Structures are given as structure tokens and as C-alpha cells.
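What follows is one structure encoded as C-alpha cells, with my remarks underneath.
Protein chains: 2
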Amino acid sequence: MKTYFDCIPCFVRQSLDAIRSITADEEVHENILREVLKMASEMDLRQSPPAMAQRIHRRIRELTGIRDPYLARKNQLNRTALDLYEVFHERVARSDSPVELALRLAIAGNIMDLGVKSNIDESHIKKSILNCLNVPFDGQVEDFQREVDAAESILYLTDNAGEIVFDRMLIEQMPLQKITVAVKGGPVINDATRHDAEMAGLVGLVEVIDNGSDAPGTILDDCSPDFLDRFTRADLIIAKGQGNYETLSESPGPLYFLLQTKCPVIARDLKCPVGTMVLKRSRASQSVNKEPKTATSQTGAGE
Amino acid sequence: MKTYFDCIPCFVRQSLDAIRSITADEEVHENILREVLKMASEMDLRQSPPAMAQRIHRRIRELTGIRDPYLARKNQLNRTALDLYEVFHERVARSDSPVELALRLAIAGNIMDLGVKSNIDESHIKKSILNCLNVPFDGQVEDFQREVDAAESILYLTDNAGEIVFDRMLIEQMPLQKITVAVKGGPVINDATRHDAEMAGLVGLVEVIDNGSDAPGTILDDCSPDFLDRFTRADLIIAKGQGNYETLSESPGPLYFLLQTKCPVIARDLKCPVGTMVLKRSRASQSVNKEPKTATSQTGAGE
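Chains E and Z, in that order, give the protein sequences. What the first sequence shows, in the working numbering, is residues 1 to 303, in sequence order. What the second sequence shows, in the working numbering, is residues 1 to 303, in sequence order.
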């Protein structure tokens, strides 16, 4: 997805929000603000929003000298999510439709995104998770299930710390030997890295790799050759969150996006309201005939 | 008032909103967006927000080649307000507290501000006007009235087209021979110019001057010597709207601000919620002893 004009003021606002959450030094706030404005004034709008966010957050780390400014918040999100895991993984196990419930929870976990708003409190997370159990969810769960069953190798692209614990609940509903989980190659916002996969209990459960990139999404040109090889060879890719949608929406699949729409630009792109739980097969997947193991009807929540 | 960091993303958003309301040409949208970002990256934050807005809207006029991009919308706002005038000036005349009602209406009229949002529909205006009649209004109307009575010369700084018709209702409650109404020296957003004072029926009723400036506020350094002379000599200044507050909040008075708070930065500065109807004597006025004709207690709505 290209960067829309409307993304630009939002970048500026988010950058200010981010830097304020990292340091109280107003001189750093002003430096970041001015640099973001200058970067944005010159940016190539054919790039996806995460390309810009990658540059901004690299600069925030440089200017503050903090390697991982979100570390404490990421750990807290993981702990909150692990508490919720205790409650919900039993519930999934007892459910009549465990895959649907696990899908709902994995998408609900996508609320734990500090890129949109740099602070998010526990009560908001819990409310959002509980809410996800009841909202309409028009995703084609059966199609998803069929593609999971047919695939021999599944690459699961995680999004955020905290959320990754909810990803585990979905992953546990799939044949574990098929799954490779990918995290980011380095810290950016609260995106999950290997450390978070460890906290979530995924390391040891399934294979965990990193993508070699510190972009808050999956910019293929920025990923490692090893990751690209896995990406190309996977029978099915599951991509979590807005950042992965923004960077992979035009990518050939088979690829499922699981996300909550948190901004009007993406909601418009997905033709659904802000706040929708989305399970959507990649548009680009439709025309790709890479071993068409299942019907590839487009799926989506709230459409 | 200086420009706060939070004003910057808002400038960018408002500029995009403004240029979209003027032309559908996406190349012009992109040009304006990039120029605004570059200007903002270099701007002197000690300047008030209207100084930046002045530059942005000059550039919009240059790039589009349209001398007064808001003309049609200003005329429409004046017509809407004139229809409402028919209803309300009778109501003011019959009121037990006509000055308070006229103050309320003049402040309510401040909703007609296309700087905050470039389109505003008639039903929203009507709703806002009716609402103003009932909301709490803690302004010190008696102090205001006393200062009006004591002053020999009153300079009334208007804000927007449409709103200026509501200003007329307040002006009609004051001794007309004392009043000079000031409008902007040239078009900027939907700020009132001489043309709007004419449509509002103020020309002929009171003296109307312009301030020689095309800033959406009153940047004294940018105003004409004639206007400055009037500004300095006036016994009392009545300043409408956020732009005048932003540019004159530190100016020695005696000066009353009449506005609706439409942004969180100004609301914070005025220590009241967004959407408050404000009648406030300038802080700077407190320490000035220019013929202290009345008690100069600070006044404000919703504080």
C-alpha cells in the first residue's frame, strides 16, 4: 500500500506522541518533530507507511541513544497478555469452534499496537479482547482452515509484543510442525522480536526466525535473504496487523491478513469501518495459481 | 501565544483539508503538503499559529491562482447568518438580558470557522447557535458591560464571515458611535473582509476599517500604521475568535476575548474544555493601568 496524503499529518502526530513517551527532553521532541517534517516533505509517496516509520524510529533511537525505547512497555504487554492467556487458552480448548475463537483472539490481540497510540492501558486491552468475542465476524473461517490443512509449510508473520501471546493461541490450533513464526530483526516501536517470542513461549514450541529488518511491517526489499527464501517457499503466509497489510497488500500469496483496522486510511482501503476485526485473503492471491489447493474466495470481516 | 508542538500536525492536517476544499488537483495537494511540511520543519515556534497559517494560505492562493478561494463559502455563511439574524435580533430585543444574549450569540457565531474544518454545514451551525443559548456561561457580563459603558472608543476585531452577522447583534447592544469594527486587510481562509462587513450590514451602521493584514488573527507587526494607531488609542478592544486570542493573548488591553475553544491546545491555555464559550478579559490587561475605569477581574466561561 502506498502512503496516502492523510498518512502524513498522522505520522507527524504519532512521532510526537512516540518521542514524548520516550523522553521528557523538549529539545529532543523539537529535533524529532523538525526531522520528521523534513523527511515527510521529501518522502517518496510510493513507499508504504512502515518505510517512513522505520526511518523515524531509527532516528528516535539514534537521538535518544536508547537501543530499544519500548522494551519496558513490551515486557508489560507480554505479561498482561500472558495473564489473559491463562484465562483464554482453556476457553479455546473447550470451545465448539476453537479455530474461530483463536482467530478472534489473535485479531483482538492486535489492539496492543503502540504505533497508533504510544500508551495503552490494561483495562482498554481487556475490554477490547472481551469485545472481540461478540462482534460480528464474517471471516471465512472454513476457507482459512482448509488452506491451513492443505499447506505443508506456513509462515506466520507476527506484529506486536503482547499480541504475540494471542498469536500463540491461534498457532496452537494448527499443526505445529508446519509453522514457522517470524519476528522483526531489530527493535522498532513495540513490534515483536525474538525476545518477545521467547516470553510468549513460542521458542521451543515452533521454529522462530527473524526477518532481518527493523521496519514495522514486512518490507521485502529490507528483509534478509534467509527470510525471503522462507517467504517465497511458504505454502501459506499469515500476516498480522496493519504494518504487514500496508507492506504486503500487493504481494502474491497465498496470504491471509489478520488485523484490526485502527486508522481511516486502512479502513477505506479494506472497505470497512475503523475498528473492524479483519480476516482477509490477499487480493493478489486471487490471481496466483501456486498450487491452488482450495477455493480462494475473498474473505473479510465487516464487509 | 507561541506555537505548541501539537499545533504542527494539526497545521499539516488543516492545510491538506483546506487545499482539498479548493481544488481536486492532486498535484497541487502534494505540492502544498510538501511545502507546508518544509515550512513547518523550519518555523520559528515563538511565532503564533496564525503567522504560519498566513504563509500557508498565501501559498495556497499563489499555487491555485485563486485570489479568494473561500469567497463562495463566505457568501453562503453570511447568507445563513443573515437568515438567523432575522430570528434572533427580535429575540435579543425582547430579552430581559439583551447584552448577555447578544454576547452568547456572538460567541456562538464563532463556530463558523473554516480554518479548523474546511466545510461546515448549515444544520451544524444552527444546532450550535441554539445550543449556546442554554450552556453554562460564567462570563462576567456585568464587568464587560461596565467597561463598554466607561469606554469612549471601542475597537471590535472581527473574526469570520457569517460570524460577523452575529457580531452585529452584539454591536447593536452598544453605543454605535463608540464602535470601530476592524476586518482583515485581505482574504485568508473565511476571515471577514470589508465585503463581509458590507453583507452583514455593518458598513453605514458603524465605522469599518481594515487591519492591513492577511493573517488569520491580529499580528500587530503585520498590521497597517493606521490600524495600529487605532489599536493603541482604543479604550477597549473586543477580539473575536481563536486567531485573535493566539495573536493577542499577551497584548496589553483592556481587551476582551470572545471565542469558542475549538482545539485542545487553546482549551488547555484557557484552562477549559474544548467547546467552551469563552468571555475572557486579557491576562495582560490585569497589570495595565491605562485609565482603570472599572474593576478588572478576570472573566471566563467554563472555568
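All C-beta atoms, glycine included, are put in the ideal place defined by N, C-alpha and C. Fair warning: this is a prediction, and the values are worked out from it, not measured in the lab.
query                                                                                                         : result
Reduced DSSP secondary structure (H/G/I, E/B, other) of A24/Z                                                 : coil
C-beta neighbour in chain Z for L77/E, strict 7 Å                                                             : no
Nearest-angstrom Cα separation, counted from M52/Z out to D6/Z                                                : 14 Å
Minimum Cβ-Cβ distance from R233/E to chain Z less than 7 Å                                                   : no
Beta-carbon spacing of V208/E, V181/E below 7 Å                                                               : yes
Listed by chain order, chain Z residues near L16/E by CB distance under 8 Å                                   : F5, D6, I8 and P9
Beta-carbon neighbours of A40/Z, restricted to chain E and to distances below 7 Å                             : L37
Any C-beta of chain E under 7 Å from that of V28/Z                                                            : no
The beta strand (DSSP E) enclosing I154/Z, as first and last residue numbers                                  : I154 to L157
Element boundaries [beta strand (DSSP E), containing E207/Z]                                                  : E207 to D210
Where A192/E falls: helix, strand or coil (DSSP)                                                              : coil
One or two residues paired with Q260/E in a DSSP bridge                                                       : M277/E
Rounded distance between the beta-carbons of D143/Z and A106/Z, thought under 8 Å                             : Wrong, their Cβ atoms sit about 16 Å apart, outside the cutoff.
Cβ pair K311/Z, A161/Z closer than 7 Å                                                                        : Here chain Z has residues from 1 to 303 only, and residue 311/Z is not among them.
Length-filtered (4 minimum) alpha helix (DSSP H) runs lying within the region 160-188 of chain Z              : 163-171
Chain E residues whose Cβ lies nearer than 7 Å to that of L33/Z                                               : F5 and I8
Secondary structure, alpha helix (DSSP H): runs of 4+ residues fully inside the region 87-138 of chain E      : 98-108 and 122-132
Paired residues, beta bridge with I219/E - DSSP                                                               : According to DSSP, I219/E bridges with nothing at all.
Three-way DSSP call (helix, strand, coil) for K74/Z in this model                                             : helix
Check whether K2/E and R34/E have beta carbons under 7 Å apart                                                : no
Which of helix, strand or coil DSSP assigns to A239/Z                                                         : strand
Contact with chain E by R61/Z, beta-carbon distance below 7 Å                                                 : no
Under the three-state DSSP convention, the category L255/Z falls into                                         : strand
Pair within 7 Å by beta-carbon distance, G241/Z and N119/Z                                                    : no
Residue range of the unbroken alpha helix (DSSP H) whose run includes M52/E                                   : P49 to T64
G212/Z versus N78/Z - alpha carbon distance                                                                   : 22 Å
is_contact[R46/Z, chain C] using C-beta, thresh 7 Å                                                           : Considering every chain present, this structure includes no chain C. Its protein chains are E and Z.
A93/Z classed as buried or exposed, judged by whether at least 16 other C-beta atoms fall within 10 angstroms : exposed
Alpha carbon of P264/E to alpha carbon of K178/Z, nearest angstrom                                            : 51 Å
Residue of P252/E, I154/E and V278/E minimising C-alpha distance to R230/E                                    : I154/E
For L133/E and R104/E, the rounded distance between their alpha carbons                                       : 7 Å
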